[in-house]
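Chemist: One line per chain: the protein sequences are A and B, in this order. Going by the numbering used here, the first residue of the first sequence is number 666, and it counts up by one from there. Going by the numbering used here, the first residue of the second sequence is number 10, and it counts up by one from there. Even for Gly, the Cβ is constructed at its ideal location relative to N, Cα and C. Quick one: structure below, then a few questions.
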Amino acid sequence: MSHSGELLSAYLDGELTSAEEVDVVAHLESCTRCQGELGDLHGARAMVRALPILEVPTWVISGAAASTAEMQVRRRPLAWAAAAAAAAFVLVIGFATFVATPPAIDITFSEISDTLRLPASQDGLPAARAVVIARTAGGIAE
Amino acid sequence: MCPRRSMVGFPEWMSPMPELGLTWEDVARTHGRKIYNFAYRLTGNPDDAADLAQDVLIRVKRGLASYQPGSFDGWLWRITRNAFLDDVRRKKRRPTVPLPDEVDRLARASVPAPDHVLAQIRLGSDVQNALLKLPHDFREAVVMCDIVGLSYAEIAGAVGVPVGTIRSRIHRGRGQLREMLS
Ligand SMILES: [Zn+2]
């Protein structure tokens, strides 16, 4: 009897044909080795999925919107360094759980700044707001 | 799928692309965050991720004029990965370890972060560091699957390889992550 191997990841992702899925499920019932591997793969997937989703800095989109086809406009506001630090802090907040759908956490930059006593945004841009958006099992929530 | 909502601050000339039913600002709004997070997890560096996301959005703006109806996700993610590979070749840089002094800096902060927050930083950093140690092809497939949320077929279309190859890369990537993180 051959083990399920890479079919196990595809099984987790719902990417098997129905015939393949029947085979994998039947095999899993009697194979402790594949059961263990499935658990390991599920754990690895959960850790990646639990990484927080970071909000794109607003200057990225406004700069692209302002650019012409020939010229890229890149503008990093002074607050960006502080925003990056805040975003790094926010990195953690969504990591509270390995389950597929953690609760949404919404933290404003000023809250983080206040907590950490980071310097305030120097040009008053609200752009530094960093938000963690809860992941859904299917990917980044729209 | 995504509700249509106009975004202030974008000039009229950019829109619309009737063959897509999408304007550039729709794409930026609905996909900008995904592109940024894809780039962040591939590079581990917020500055590089931001530059790359902007590069992609500019390429999308140029490309929408000549976009042929087809798989929009395949088209978008082909542009995104090509931009990433161009960027890597241009800078000849290796992915960097994310925010190496963040834990120490937070530990020194005048209002200390709670222990559980610091523990979560370390866990998140561990996962990001493990991702950066994967071979590029594995990391790309895993991130497209588990961060962006693309199907295997969509990833295969973007990368230009058979679906079976993507299945194998995701599986082996997860196996290596598990080894590194256990
Ligand atoms: Zn087995």
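Between the C-alpha atoms of W86 of chain B and G72 of chain B, what's the straight-line distance to the nearest angstrom?
Modeler: Here residue 86 of chain B refers to the residue found at position 77 when the second sequence is read from its first residue. Here residue 72 of chain B refers to the residue found at position 63 when the second sequence is read from its first residue. In a straight line, the C-alpha of W86 of chain B is about 13 Å away from that of G72 of chain B.
Chemist: On the DSSP letters alone, give me the boundaries of the alpha helix (DSSP H) that H145 of chain B sits inside.
Modeler: Looking up residue 145 of chain B in the second sequence gives position 136. First-last of the alpha helix (DSSP H) with H145 of chain B: 145 to 152.
Chemist: Using a beta-carbon distance cut-off of less than 8 Å, what residues from the segment 177 to 188 of chain B approach chain A?
Modeler: Answer in chain order: S177, I179, H180, R181, R183, G184, L186, R187.
Chemist: Is S160 of chain B near ligand 3, going by C-beta to nearest heavy atom under 7 Å?
Modeler: Questions concerning ligand 3 fall outside what the structure shown contains, since the ligands it does hold are ligand 1.
Chemist: Looking at L66 of chain B and A48 of chain B, is the spacing between their C-beta atoms short of 8 Å?
Modeler: Here residue 48 of chain B is taken as the residue at index 39 of the second sequence, counted from 1. Here residue 66 of chain B is taken as the residue at index 57 of the second sequence, counted from 1. In this structure, L66 of chain B does not lie closer than 8 Å to A48 of chain B by Cβ.
Chemist: Is the Cβ of I156 of chain B closer than 8 Å to any Cβ of chain A?
Modeler: Here residue 156 of chain B is taken as the residue at index 147 of the second sequence, counted from 1. It does: the Cβ of I156 of chain B has a partner Cβ on chain A nearer than 8 Å.
Chemist: DSSP three-state call for L809 of chain A: helix, strand or coil?
Modeler: What the structure shows of chain A is the stretch from 666 to 807, and residue 809 of chain A is not part of that stretch, so it cannot be assessed.
Chemist: Return the residue from the list B:A167, B:V172, B:G184, B:L190 that minimises the CA-CA distance to D82 of chain B.
Modeler: Looking up residue 82 of chain B in the second sequence gives position 73. The candidate whose alpha carbon is nearest that of D82 of chain B is B:A167.
Chemist: Just by C-beta distance, which residues in the segment 63 to 97 of chain B are closer than 8 Å to chain A?
Modeler: Listed by position along the chain: Q63, D64, L66, I67, K70, R71.
Chemist: Exposed or buried, which one is R98 of chain B when buried takes at least 16 other CB atoms within 10 Å?
Modeler: By 1-based counting over the second sequence, the position of residue 98 of chain B is 89. R98 of chain B is exposed by the Cβ-count criterion.
Chemist: Looking only at C-alpha atoms, which of B:H180, B:N91, B:P144, B:R183 sits nearest to R5 of chain B?
Modeler: Outside the displayed range of chain B (10 to 191) lies residue 5 of chain B, so it cannot be described from this structure.
Chemist: Given that G708 of chain A touches chain B, what residues does it touch there, using C-beta distances under 7 Å?
Modeler: Counted from its first residue, the first sequence places residue 708 of chain A at position 43. Correct list: R187.
Chemist: How about L719 of chain A and N46 of chain B: do their beta carbons lie closer than 8 Å?
Modeler: For this step, residue 719 of chain A is matched to residue 54 along the first sequence. For this step, residue 46 of chain B is matched to residue 37 along the second sequence. For L719 of chain A and N46 of chain B, yes; Cβs fall inside 8 Å.
Chemist: Could you work out which residues of chain B lie near L716 of chain A, taking near to mean beta carbons separated by less than 8 Å?
Modeler: Taking the first sequence and counting its residues from 1, the one referred to as residue 716 of chain A is at position 51. Residues of chain B passing the Cβ test: R50, G133, V136, Q137, I156.
Chemist: Do L143 of chain B and Q185 of chain B come within 8 Å of each other at the CB atom, strictly closer than that value?
Modeler: One-based indexing of the second sequence puts residue 185 of chain B at position 176. One-based indexing of the second sequence puts residue 143 of chain B at position 134. Result yes, Cβ atoms of Q185 of chain B and L143 of chain B sit closer than 8 Å.
Chemist: Enumerate in chain order the residues of its own chain whose CB-to-CB distance from D95 of chain B is below 6 Å, with the five nearest sequence positions on each side excluded.
Modeler: Within the second sequence, numbered from 1, the residue matching residue 95 of chain B stands at position 86. Nothing listed; no residue qualifies.
Chemist: Cβ of V168 of chain B less than 8 Å from any chain A Cβ?
Modeler: Taking the second sequence and counting its residues from 1, one reaches residue 168 of chain B at position 159. Not closer than 8 Å to any Cβ of chain A, the Cβ of V168 of chain B fails to qualify, so no.
Chemist: Does the CB of S695 of chain A have a neighbour CB from chain B at under 8 Å?
Modeler: The sequence position of residue 695 of chain A within the first sequence is 30, counting from 1. No, no contact with chain B.
Chemist: For ligand 1, enumerate in chain order all residues having a CB closer than 6 Å to any of its heavy atoms.
Modeler: Matched residues: A:H668, A:S669, A:H692, A:C696, A:R698, A:C699.
Chemist: Hey, is S683 of chain A's beta-carbon within less than 8 Å of any beta-carbon in chain B?
Modeler: Here residue 683 of chain A refers to the residue found at position 18 when the first sequence is read from its first residue. S683 of chain A does not count as touching chain B.
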